[in-house]
Structures are given as structure tokens and as C-alpha cells.
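For the sequence shown, position 249 matches number 291 in the working numbering, and the numbering has no gaps at all.
Where is the CB? At the ideal position from N, CA and C, for every residue including glycine.
Here the structure is a predicted model, which is why all the values come from computation and not from measurement.
Here is the structure we will look at.
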Amino acid sequence: MSYRDIQMIIASQIAYIDFDRDAVDSGQYTVRELLDMELEAAEGDRKDTIQKLLDRINENPVSQECGNWKIRDIRDNQSSSGMYACLLDSGDGDALVAFRGSESESWDDIQKDWIQSDIGLANSILTPQQATAQKYMEDIYRKYGGQYDNFGLTGHSLGGNLAEHAAITAPDGMRNKISQCVNLDGPGFSKQYLIAHANDIGKSKGIITHYQWSWCGGLLNRVPGSDFRTIEADTPKGKGLLESMLWRHDTYNVVKFDENGNAVSGKKDWFASLAAPLSEALDYSLFLITGGAAAVLFNTIDAIKDGFENLWKQWTDILSSGGCQAQFEVNIYAVDREIEELAEISSGLKEIKEGVEKIQRELAFDSIAAGYVKLKLWGLTNSIEQDARKMDIYCQTGRDCTQCYRSYEVKIVDNYT
Numbered sequence: 043m044s045y046r047d048i049q050m051i052i053a054s055q056i057a058y059i060d061f062d063r064d065a066v067d068s069g070q071y072t073v074r075e076l077l078d079m080e081l082e083a084a085e086g087d088r089k090d091t092i093q094k095l096l097d098r099i100n101e102n103p104v105s106q107e108c109g110n111w112k113i114r115d116i117r118d119n120q121s122s123s124g125m126y127a128c129l130l131d132s133g134d135g136d137a138l139v140a141f142r143g144s145e146s147e148s149w150d151d152i153q154k155d156w157i158q159s160d161i162g163l164a165n166s167i168l169t170p171q172q173a174t175a176q177k178y179m180e181d182i183y184r185k186y187g188g189q190y191d192n193f194g195l196t197g198h199s200l201g202g203n204l205a206e207h208a209a210i211t212a213p214d215g216m217r218n219k220i221s222q223c224v225n226l227d228g229p230g231f232s233k234q235y236l237i238a239h240a241n242d243i244g245k246s247k248g249i250i251t252h253y254q255w256s257w258c259g260g261l262l263n264r265v266p267g268s269d270f271r272t273i274e275a276d277t278p279k280g281k282g283l284l285e286s287m288l289w290r291h292d293t294y295n296v297v298k299f300d301e302n303g304n305a306v307s308g309k310k311d312w313f314a315s316l317a318a319p320l321s322e323a324l325d326y327s328l329f330l331i332t333g334g335a336a337a338v339l340f341n342t343i344d345a346i347k348d349g350f351e352n353l354w355k356q357w358t359d360i361l362s363s364g365g366c367q368a369q370f371e372v373n374i375y376a377v378d379r380e381i382e383e384l385a386e387i388s389s390g391l392k393e394i395k396e397g398v399e400k401i402q403r404e405l406a407f408d409s410i411a412a413g414y415v416k417l418k419l420w421g422l423t424n425s426i427e428q429d430a431r432k433m434d435i436y437c438q439t440g441r442d443c444t445q446c447y448r449s450y451e452v453k454i455v456d457n458y459t
């Protein structure tokens, strides 16, 4: 299923609502029913926000479909990293992951969303919210991956950046099921991030759309291969010029859609045109690990890991093929050579693992970048260890098989002599 832009926007707006968890966890209620229940108990600004979302859902047949969705899962990490996201079941084997954007209702929100995450995007490889979003995708895939054929990702503001990061770093099996990811006027990424994640970004080519309609959507750098578009949005009236430009960022200012429910192309406003190049020119010299060094390390790790996975796949394909059985039956000595070569590879992997662990121990843990390097190295050592262990098992199994084969050969010879 391909989600329409109005549906992606509504999904991002759903992510801003704190629903009654017992009602959500019961699995009995649709999004429309949950909103109706929240509206009944709400007051003041919260009531206005919920009513505004219900009105948007009821606008047309395309948006009305969103009211029939169900919230399948919620990850509320606001007390630590500040990340909040939900999994929306839209029916027919499709699901949407919607990430909440920046909030400024309390100092805690400002610190986590604006200081640690939004400002942190300018000169870091990974923010706390991005790390949590990545973990959430892994958990979704492990828990629900087999239940859905297609995933969409979306988010507004900081949530849009998180959606892109989640798509880029999703488990390979899940990434193959992601048909689209829409960043709704959220910032881009630092140069360090783009270089460091180049390998994963290459795998995500063609699924990311980045919509910009205010100053925020043009900040920092776009993901290579993404479809970046400026869309039409209203500028709030009755405010000062600068204040109007700032408030333009709200999703409810996007009101023009075509007959299919997709956004209409527009032009950048003057404030967005000024903010974008300024953000790209930020000084990255404060970054404790240089972009080039981090990039070489991260992409080498990814390339090695991918190489191991490909090597392992090729080996298992050979083991499961009829050709291998025929070779085994015809030339037992060739099988012996293959087993010994595999044993040498396993030994080499263990040496590489020891080298990676040494680097991991010696790396200074004094920055977000260093912490992320350690995380990547830890993942690599685990991957190497698992592959080496599997190869050892196959080597031993192969030796047992060849020994059994030889014993039967001896028995056959004895029977005919």
C-alpha cells in the first residue's frame, strides 16, 4: 500500500496525542474511537487539539480511512531520551510507524527535544532519540515483522528526522518491507552522519521523501537519494512577520492537496531560504572525532559485516545445493579441502574479532561519537563471533560426515573382498 500525503500527516498528528494506554492495549478501539474518548475527558488546549485532528480525519474519504486504523504499539521513552513513536495498523497487512516531533511545553521537553536532539543534529553522528528510534525498529521487526507485508514511516519536525534515521538503520529484513518514509518538514542531518551512514543510506535509496514548507524543513543536509520537495502551506495571519514564519512549521498549515490526497508543490518562503544555507555552514570542528575518520571506520565496519553475511549466505547455499552432494559423493578429498579452508576462515575471523575488541577497549569513551563507534564495534564483534561459531559447527559436522562416508566405503570394500 502507498500512503497518501494527507494520511502521513494525520499519522504524525496521531503521534502527538497521549492516549489512554489501557484503551490502546485492549486492541478494541479504532483511532477515531480513541480520539472520541479522549475528547470527552479533555479540556482547554488539549480538547482543541483533539477536535482539530478529528476534523482533519473527517475531511474526505482518503483521510477518513485513518479513523479506522488501530494503534498496535506505543514506545514512550519521554522520561529518558524523549523519543515517542507508535505503530499504526492500517489493515491489509500494512502498518505505519509514526514518530513524534519536538515539543516545548516544559523545560524537560526543551532539553531533550531541542537541546539534546534538534541542536545535537548539527554536529553528531547519533542523538539519544535516534538511538532509541533505531532500537524501536528492531523491536517492531522482532515482534511484528512476520505480521506485516509493508511498512511506512513518518514524522513531523524532529519526528521526520527520526523517521529517516529509522528507515536508514532498520534491520535489513525490515528495510526490504519499507515502501516509503516521509519526513514532514523536519531537519536533515550533519555531514558526519551522512558520511558515517553512507553504506546504510545506499540501501535506503528510493524510499525517502522529504517535504519542506518552513524554515525547519530546510535545515542541515538532505539524505542522498531522497526526494526533497517544497510543498505549499499557509502562513498564519495575525502575528508578527518573524513569528508567522516560525509558526508556519505546523502541520495544520498544510491544507492544499490534490484529488488523490497528495501535497501540492510550492516555493520556499524568505525565512526558509535564509535559514537553510546558514545551518549547512555550521562549524563542525567541535566534533571530537572528525567526519572523515568516523566515516572510514563506520563504513569499513558495515562493509566487513555485509561481506561476512554474503560469505555466509554463499556457503549455506553451497551446502544446501545438490551440486555439493554430488561433489561429496564423487570426491571426498575435495570436500576435505573445503572443510579445511572453512576452518582457516573461521580462525581468521577469530583473529579479526580479537583485533576489533582491542580497538574497542582502547577507544576513549568521551563523546557521543565515541560511544556510537563502540556500539558499532560491539555489533561487529557479535556478528563475527556468531559466524565463526556457525563455521566451526559446519566444519565439525563436515568432518563427521566424511568420517562416516569413509567408514561405509571400508565396509563396502570388505563386503566385496
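- Glu85 and Val104 have their C-alpha atoms spaced approximately 29 Å apart.
- Bounds of any beta strand (DSSP E) do not take in Leu261, whose DSSP letter is neither H nor E.
- Closest in C-alpha terms to Gly260, from the list Leu200, Gln428, Cys443 and Gly194, comes Leu200.
- Following the DSSP letters along the chain, one finds Met125 inside the beta strand (DSSP E) bounded by residues Met125 to Gly133.
- Here Thr211 is buried: its Cβ has 16 or more other Cβ atoms, across all protein chains shown, within 10 Å.
- Separation of Thr272 and Cys258 (C-alpha to C-alpha, rounded to the nearest whole angstrom) is 12 Å.
- Unbroken alpha helix (DSSP H) stretches of 4 residues or longer found wholly inside the region 59 to 139: 63 to 68, 73 to 83, 86 to 99 and 103 to 106, given in chain order.
- In the structure shown, His252 falls within a strand segment according to DSSP collapsed to helix, strand and coil.
- Lys279 is classed as exposed because its beta carbon has fewer than 16 other beta carbons within 10 Å across all chains shown.
- It is roughly 9 Å from the alpha-carbon of Lys298 to the alpha-carbon of Asp276.
- Around the beta carbon of Tyr375, fewer than 16 other beta carbons lie within 10 angstroms, which makes this residue exposed.
- In this structure, the beta-carbon distance from Gly303 to Arg46 falls below 8 Å.
- Residue state for Val306 is assigned as coil, using DSSP reduced to three classes.
- DSSP places Thr211 in the uninterrupted alpha helix (DSSP H) bounded by Leu200 to Thr211.
- By the Cβ neighbour-count rule, Asn225 is buried, with 16 or more other Cβ atoms within 10 Å of its own.
- DSSP, reduced to helix, strand and coil, places Arg271 within a strand of the structure shown.
- By alpha-carbon distance to Asp227, the top candidate from Asp115, Val66, Asn203 and Ile435 is Asn203.
- A Cβ-Cβ contact shorter than 8 Å links Asn100 with Gln106.
- Per DSSP, reduced to three states, the secondary structure at Leu391 is helical.
- A straight-line Cα-Cα distance of about 29 Å links Met79 and Trp289.
- For Asn241, the secondary structure class from DSSP, reduced to helix, strand or coil, is helix.
- At a Cβ-Cβ threshold of 8 Å, Trp111 and Val66 do not count as neighbours.
- As DSSP reads the structure, Asn192 sits in a beta bridge with Asp136.
- The alpha-carbon of Ser256 is positioned some 5 Å away from that of His291.
- Pairing Asp136 with Tyr186 gives a Cβ-Cβ distance that is not under 8 Å.
- Rounded to whole angstroms, the separation of the alpha carbons of Asp214 and Ala127 is 20 Å.
- Secondary structure of Asn225 (DSSP, three-state): strand.
- The shortest CA-to-CA distance from Ala430 to any of Tyr294, Lys395 and Thr174 is the one to Lys395.
- Rounded to whole angstroms, the gap between the alpha carbons of Asp131 and Asp118 is 18 Å.
- When rounded, the separation of the alpha-carbon atoms in Ala240 and Ala173 is 17 Å.
- Excluding five sequence positions before and after Lys247, the CB atoms of its chain that fall closer than 6 Å to its own CB belong to Gly267, given in chain order.
- The closest CA to that of Arg114, considering only Ile426, Cys223, Gly133 and Arg379, is found on Gly133.
- Taking the CA atoms as reference points, Ile243 sits about 37 Å from Asp97.
- For Gly308, the CB contacts under 7 Å within the same chain, skipping 5 residues up- and downstream, are Trp255, Thr272, Ile273, Glu274 and Ala275 in chain order.
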